[in-house]
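Have a look at the structure below, then the notes.
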Amino acid sequence: MAGTPFVSHVEWCVTDLARATALLEGLFGWRFAPYGTRYRLYTPAAGGTCVGLLQVAAVQPAATTLVHVCVDDLDAALARALALGARPHVAPTAVPGHGRYAQVLDADGNVIGLFEATPAAAALRS
6 MAGTPFVSHV EWCVTDLARA TALLEGLFGW RFAPYGTRYR LYTPAAGGTC VGLLQVAAVQ
66 PAATTLVHVC VDDLDAALAR ALALGARPHV APTAVPGHGR YAQVLDADGN VIGLFEATPA
126 AAALRS
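Residue numbering for the sequence shown follows my numbering, beginning at 6 and increasing consecutively.
As structure tokens, this is what we get:
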């Protein structure tokens with residue numbers, strides 16, 4: 006592989022594909038496509054990291070890699086997540102010089118991180 010390694014995709018294990026798909030599509034506007042009978046895949050149009058949902062019989066909550074998704078407005082995203090059925094996990098917390106984050110739990114106990122970058126931190130990524 007030439008160049009710098011990057012994250013190709015992230016997978017969340019879920020017990021109910023329809024419920025997990027509804028949460029993430031409603032929260033982030035992502036559109037998942039079926040990929041077999043126990044998998045859904047979101048592929049960003051302009052590059053970026055793909056997100057997969059793998060249906061499993063049981064999930065071991067909070068025993069997975071933690072992923073934070075960048076959002077423009079943390080408070081609005083947090084309110085939307087809660088309205089879609091997520092549960093609060095970590096209240097909005099400042100990360101000096103970088104931004105703010107919060108975390109919610111989906112119905113299976115998976116942690117979904119939300120991150121709002123400061124303008125200076127966001128400029129470093131563009």
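We put the beta carbon where it would ideally sit given N, CA and C, even for glycine.
Small disclaimer: the values here were computed from a predicted structure and weren't measured.
Whole angstroms is fine: what's the gap from residue i's alpha carbon to residue j's?
i: A96; j: L79; result: 11 Å
i: H14; j: L46; result: 9 Å
i: A125; j: L58; result: 32 Å
i: H94; j: V116; result: 8 Å
i: Q60; j: L22; result: 6 Å
i: L83; j: T9; result: 32 Å
i: F120; j: L71; result: 12 Å
i: G99; j: A62; result: What sits at residue 99 in the sequence shown is Ala, not Gly. If you take the alpha carbons of A99 and A62, they lie about 36 Å apart.
i: G90; j: A127; result: 29 Å
i: V12; j: G34; result: 21 Å
i: A81; j: A88; result: 11 Å
With a threshold of 16 other CB atoms inside 10 Å of the CB of residue i, please say whether the residue is buried or exposed.
i: D111; result: buried
i: Q65; result: exposed
i: A50; result: exposed
i: V76; result: buried
i: G104; result: buried
i: A1; result: The requested residue 1 is not part of the displayed model; the chain covers only 6 to 131.
Please return the same chain residues whose Cβ sits closer than 7 Å to the Cβ of residue i, not counting the five positions on each side in sequence.
i: R92; result: V109 and L110
i: R36; result: E30 and Y47
Relative to the C-alpha of residue i, which candidate in the options has its C-alpha closest?
i: C55; options: Y40, V61 and P124; result: Y40
i: G102; options: G90, A128, T123 and A88; result: T123
i: W17; options: A81, H73 and A107; result: H73
Give me, in chain order, the residues of the same chain whose beta-carbon lies closer than 8 Å to that of residue i; leave out the 5 immediate sequence neighbours on both sides.
i: A38; result: R45, L46, Y47 and T48
i: A86; result: L28, L32, V109, I117 and L119
i: Y106; result: H73, L79, V95, P97, T98, V100, G118, L119, F120 and E121
Going by beta carbon distance, what residues of the same chain come within less than 6 Å of residue i, once the five residues before and after it are set aside?
i: D113; result: V19, T20 and V64
i: R43; result: Q60
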